[in-house]
Amino acid sequence: ADRTPGRGGTRPLPEPSDLLTWYRSGGDAAARCEMEGMLHELVPGLQPLEVRSDACANCRTETGLPLVGKVRGQLYAAAGGNGLAAKSSDEIGRLAALAALGSLCCGEGGLQRWQEPDYESELLARERFAPC
-19 ADRTPGRGGT RPLPEPSDLL TWYRSGGDAA ARCEMEGMLH ELVPGLQPLE VRSDACANCR
41 TETGLPLVGK VRGQLYAAAG GNGLAAKSSD EIGRLAALAA LGSLCCGEGG LQRWQEPDYE
101 SELLARERFA PC
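Just so we're aligned, residue -19 is where the sequence shown starts under the numbering used here, counting upward by one.
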């Protein structure tokens, strides 16, 4: 597993059954020990009654940017938090709503409109959603 700082563990799960197996595994014991060690470095003398960890998964994109937009017809999606989107989830959800609705009210009666991205651009051409 990739242990690059700020990247987290990278364990490709290409099949749905791989994801289910991972979730049922309880996670990576080595990663749990590593994180517990970091916690003890930050808070010397800490004596927790219990330490728990579990498996989690996230979507990564080639660019590290989330994807928000139309898949086809009336189907929209927001994906690709890259393990870093918990703090941004409200804004990503707002952008997904804006994409699906076309516009949102904001502030003193203002209106924000969604601008459909250029799907032919190099950035999005590599990461376009696959049709369902």
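Ideal Cβ placement from N, Cα and C applies to all residues, glycine included.
All values reported here derive from a predicted model rather than from experimental measurement.
CA nearest to the CA of residue i, picked from the options
| i | options | result |
| --- | --- | --- |
| Glu30 | Arg12, Gln95, Thr(-10), Pro(-6) | Arg12 |
| Trp94 | Arg52, Ser68, Val48 | Val48 |
| Gln27 | Leu(-1), Gly17, Asp34, Ser33 | Gly17 |
| Leu78 | Gly89, Gly61, Lys50 | Lys50 |
| Pro46 | Ala35, Glu71, Gly25, Ser83 | Glu71 |
| Ala65 | Gly44, Gln54, Gly53 | Gly44 |
Continuous beta strand (DSSP E) stretch holding residue i: start and end
| i | result |
| --- | --- |
| Arg40 | Counting along the chain, Arg40 falls outside any beta strand (DSSP E), and DSSP gives it neither H nor E. |
| Leu55 | 55 to 59 |
Residues near residue i in its chain [Cβ-Cβ closer than 6 Å; skip 5 each side]
| i | result |
| --- | --- |
| Pro(-15) | Interpretation of Pro(-15) is limited by its pLDDT of 44, a score under 50 that renders its predicted location unreliable; the figure taken from the coordinates is listed afterwards. Taken in chain order, the list of residues that qualify is empty. |
| Glu88 | none |
| Gln54 | none |
Residue span of the alpha helix (DSSP H) that contains residue i, given as start and end
| i | result |
| --- | --- |
| Ala80 | 69 to 81 |
| Gly25 | Unbroken run through Gly25: none, as it is neither H nor E. |
| Leu91 | Taken as a continuous stretch (DSSP letters only), Leu91 belongs to no alpha helix (DSSP H), being part of the beta strand (DSSP E) at 90 to 93. |
| Arg4 | -4 to 5 |
Cβ-based neighbour list, residue i, same chain, cut-off 8 Å, excluding 5 preceding and 5 following
| i | result |
| --- | --- |
| Met15 | Ser33 |
| Cys86 | Gln92 |
| Leu84 | Arg74, Ala77, Leu78, Leu91, Gln92 |
| Gly7 | Ser33, Asp34, Ala35, Cys36 |
| Ser69 | Gly61 |
Contact under 7 Å by Cβ, residue i with residue j
| i | j | result |
| --- | --- | --- |
| Asn38 | Gly73 | no |
| Thr41 | Gly61 | no |
| Ala35 | Tyr3 | yes |
| Leu(-1) | Leu(-7) | yes |
Same chain only: Cβ atoms within 7 Å of residue i, ignoring 5 sequence neighbours per side
| i | result |
| --- | --- |
| Pro(-4) | none |
| Ser5 | Ala35 |
| Lys67 | none |
CB-CB length for residue i against residue j, believed under 8 Å
| i | j | result |
| --- | --- | --- |
| Leu75 | Ala58 | 7 Å |
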